[in-house]
Every structure is written in C-alpha cells, then in structure tokens.
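Peer 1: Chains as they are written, first to last, in the working numbering: chain A, 135 to 245; chain B, 97 to 208.
In this text, a Cβ means the ideal position worked out from N, Cα and C, and glycines have one as well.
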Amino acid sequence: DAKTTQPTSMDCAEGRAANLPCNHSTISGNEYVYWYRQIHSQGPQYIIHGLKNNETNEMASLIITEDRKSSTLILPHATLRDTAVYYCIVRVNQAGTALIFGKGTTLSVSS
Amino acid sequence: NAGVTQTPKFQVLKTGQSMTLQCAQDMNHEYMSWYRQDPGMGLRLIHYSVGAGITDQGEVPNGYNVSRSTTEDFPLRLLSAAPSQTSVYFCASSYPGVETQYFGPGTRLLVL
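1. Exposed or buried, G149 of chain B, counting other C-beta atoms within 10 Å across all chains shown (16 or more means buried)?
2. Spatial neighbours of R204 of chain B within its chain, please: CB distance less than 6 Å, with the 5 preceding and 5 following residues excluded, ordered by chain position.
3. What is the DSSP secondary structure of S165 of chain B, counted as helix, strand or coil?
4. Could you tell me which residues DSSP pairs with N157 of chain A in its beta bridges?
5. Please state if the CB of Q121 of chain B and the CB of M115 of chain B are separated by a distance shorter than 8 Å.
6. Between the beta-carbon of E148 of chain A and the beta-carbon of L214 of chain A, is there less than 8 Å?
7. Can you check whether the C-beta of Q140 of chain A is within less than 8 Å of a C-beta belonging to chain B?
8. Quick one: grab the DSSP three-state call for R171 of chain A.
9. Exposed or buried, D216 of chain A, counting other C-beta atoms within 10 Å across all chains shown (16 or more means buried)?
10. Does the pairing of the stretch 169-183 of chain B with the stretch 127-145 of chain B give three or more beta-carbon distances under 8 Å?
11. Whole angstroms is fine: what's the gap from R250 of chain A's alpha carbon to H174 of chain A's?
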C-alpha cells in the first residue's frame, strides 16, 4: 500500500469548515483513498472513501486532486464532537487486506 | 443490530497467564480482524479471517492465536501474556469487497 503523509495536528473553530490534507504521491491506479477517525478511546469509525472522483456523504466531503497524489477531507461545519484523530489510508479495495493506520492528524475543535 | 461487540472491556493479567478476548458481530460479515493499538501509535493488524475456518497472520501475530468456527465470532487468544502485550485491542468486521470496516469498542489489557 502507498504511504501517506498527514500533518500531526490541526485546530478548527466550532462551526467552521475543517480541511484535513493528505499526501499520497506514490498511490497506484487501483488504490482507493479512505478516511477513518478515532474519537478518544473509541474504535475507529469509517468516514468516506474514493478512487478519483470527489465524494460526499452525510459526514464529510472528499476532494481528490486530478493526479491523485493528494486529497482533502472536509468537515463542512465542525462541532466539538469532531475532535478526534483522523487517518488517511490508501489501499486496494480487496477483502482480506489490512487497513494500515499511520499516526494520523489530531483535529482539535474549540468553541 | 448490536454491531461489533467485545468482551471484556478491561482486563489485568499477570505475566505468563493466558486469556481469550471475545469478539462477536451480528451483521453477517465474512471478514473479521484483530488490531492492537499502543499509546500514541496507529493500529497494527494481528490476525484476520476472510470466513469461517479461514485465518491468516497480520503484521504482529506472535504471541496470539485465533480461530473462526462461526461467521459471528472471532476470539483472540493470548497464549502466555507478556508486559509487551499491554495494549488496547480492537476487533473489526466488514463485508468482503466492501472495505468499510466496523470496529468494536476495544478491550484494554494490562499485563503486569
């Protein structure tokens, strides 16, 4: 699986958009970009994933650059409950392969 | 649906003791896996299973055994606990080919 690079930490004011970047310059053509988050002491939670098109669901939006070498997770209106560690993972969409979690980005949302 | 459940929530063991961490899911997921998370670190895969009767090793399998006799259950056995196995253990499951994994709440293990 391709390696990802994320900032160690980010801050965001409550109600504002949180934009979390991820670099994955060695991504292969068949690798997807996944985002998970882990709220303190809980199990990781799936947020969104995509291959090359931008994606949106009830939680977030995922913007993938045209060359697929980087992506941005957008939480449109961050709340205090969005304070968590956010993990960007790139991998093939194949059953039986692991999610490789790096250290992620710690997002702190404050009022 | 209860989703993915794990028991116990907390456990303290002495070095050399054995125990089984339980994991169950009620979503009829074929794929299940075990991860450990050490302080300040990401999750590392211990063992996984793509269906009943099929298991395989992940990144850090030493000191752990698994079996998968049913689709619902995937227990993790510590054969002889060591302080290095002090960690938080997460179980996860998913449908095959749909790799949005669902995680349990975790088991916090302390080995003295």
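Peer 2: Put simply:
1. exposed
2. F106 and V184
3. coil
4. A:T139 and A:S204
5. no
6. yes
7. no
8. strand
9. buried
10. yes
11. Because chain A is modelled from 135 through 245, residue 250 of chain A falls outside the range shown and cannot be assessed.
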